[in-house]
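Novice: Starting off with a structure, shown below.
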Amino acid sequence: MPSTRRRFLIGSTATITLLSGCSYFGEDSATIAQLEVELANGTSDHQMFHYAVETSKGVDDWESHEVEPQTREPVIRETPGDFDPIGIHGVVDDRPTSGELIGIGGAETGEICLRILFEYGVLGEDSSFLESSNIRCE
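Residue numbers for the sequence shown follow UniProt numbering, beginning at 1 and rising by one.
Encoded structure:
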């Protein structure tokens, strides 16, 4: 009987030791260090892009940028440490659009840059948002 108990204790200790390396107590999700919104004007006219990012604390201030015809303009801003975007809202040429941000949880850890493409007139007359959140900050 004592050898069975000893085997059990040795086996349990070995199992716990092997599995203890599987637990990770560091960062559980990525933080957004930088937000880049690329404004793409696919029309033949100057367009004024207005957009605001929505976080769990509410909608940020609206930003406005005029974009030349058939060009793209990146707008980059640093973000606070607790920046947790959940949506983005925009208006171009009296055409509103909104997009839910899929987010960054689960896939990455550390600092990343959230990149959003806000385009108008590229694939028709509607405006749209596209998100890419797995880009490392450079």
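Glycine is no exception: its CB is placed at the ideal position from the N, C-alpha and C atoms.
In chain order, what residues of the same chain have a beta carbon less than 8 Å from the beta carbon of serine 44, not counting five sequence neighbours either side?
Specialist: So the qualifying residues of the chain are Pro69, Gln70.
Novice: According to the neighbour-count rule (16 or more other Cβ atoms, all chains shown, within 10 Å of its Cβ), is isoleucine 86 buried or exposed?
Specialist: Classification of isoleucine 86: exposed, given that the 10 Å Cβ count is below 16.
Novice: Please report the Cβ distance between isoleucine 116 and isoleucine 88, rounded to the nearest whole angstrom; I am assuming they are in contact, meaning their Cβ atoms lie under 8 Å.
Specialist: Sure, about 6 Å apart at Cβ, within 8 Å.
Novice: Going by the CB atoms, is the gap between alanine 52 and glutamate 119 shorter than 7 Å?
Specialist: Not in contact: glutamate 119 and alanine 52 (Cβ atoms no closer than 7 Å).
Novice: Compare the beta carbon distance of valine 91 and histidine 50 with 7 Å and say whether it is the shorter of the two.
Specialist: In this structure, histidine 50 lies closer than 7 Å to valine 91 by Cβ.
Novice: Can you give me the start and stop residues for the beta strand (DSSP E) that threonine 55 sits inside?
Specialist: Residues 47-55.
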